[in-house]
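Taking it in order: structure first as structure tokens, then the write-up.
So this is what it looks like as structure tokens:
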């Protein structure tokens, strides 16, 4: 299967907007399984592109601290398995 074309999405905001659209389409009961699988492939490609964008971004020390704090807060909010 050919990799979906994500070239139209150049910014993180564009990618997240498209991912939100994909979620809406997949949730629609009228969307076929085949279409849902195509959308899933597109979402995976967009997710990879978003990771590449984040990895290539030079964050200021303040931005890095905020990201660390947010990640730590998410980890604390996650249910603990035991």
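Numbering (our numbering), first residue to last: 102 to 183. For glycine and all other residues, C-beta sits at the position ideal for the given N, C-alpha and C.
* Taking all protein chains shown into account, do 16 or more other C-beta atoms lie within 10 angstroms of the C-beta of residue 138, making it buried, or fewer, making it exposed? -> As a working mapping, residue 138 is identified with position 37 in the chain shown. Counting Cβ neighbours within 10 Å, residue 138 comes out exposed, since fewer than 16 surround it.
* Proximal residues to residue 132 (C-beta, below 7 angstroms), its chain only, five neighbours per side dropped -> Residue 132 sits at position 31 when you count from the first residue of the chain shown. The residues are 126.
* **Cβ-Cβ separation, residue 147 to residue 167 (assumed contact under 8 angstroms), whole Å** => The sequence position of residue 167 within the chain shown is 66, counting from 1. The sequence position of residue 147 within the chain shown is 46, counting from 1. Contact check for residue 167 and residue 147: beta-carbon distance about 24 angstroms, past the 8 angstroms limit, so the pair fails to qualify.
* Taking the alpha-carbon positions, what's the residue 157 to residue 164 distance? -> Within the chain shown, numbered from 1, the residue matching residue 157 stands at position 56. Within the chain shown, numbered from 1, the residue matching residue 164 stands at position 63. Using only the alpha carbons, I get a separation of about 14 angstroms.
* Asked: Applying the criterion that 16 or more other CB atoms from any shown protein chain within 10 Å of the CB defines a buried residue, is residue 143 buried or exposed?
  -> Sequence index remark: in the chain shown, residue 143 carries index 42 (1-based). Buried, since its Cβ has 16 or more Cβ neighbours within 10 Å.
* **Extent of the continuous alpha helix (DSSP H) to which residue 151 belongs** => Residue 151 sits at position 50 when you count from the first residue of the chain shown. Boundaries of the alpha helix (DSSP H) harbouring residue 151: 134-156, taken from the DSSP string.
* What is the C-beta distance between residue 117 and residue 150, in whole angstroms, given that I count them as a contact (C-beta under 8 angstroms)? -> The count along the chain shown starts at 1 and reaches residue 117 at position 16. The count along the chain shown starts at 1 and reaches residue 150 at position 49. Actually they do not touch by this definition, with Cβ atoms about 11 angstroms apart.
* Asked: Out of 110, 121, 176 and 114, which has the shortest C-alpha to C-alpha gap to residue 141?
  -> To locate residue 141, count along the chain shown from 1; it is residue 40. Ranking the options by Cα distance to residue 141, first place goes to 121.
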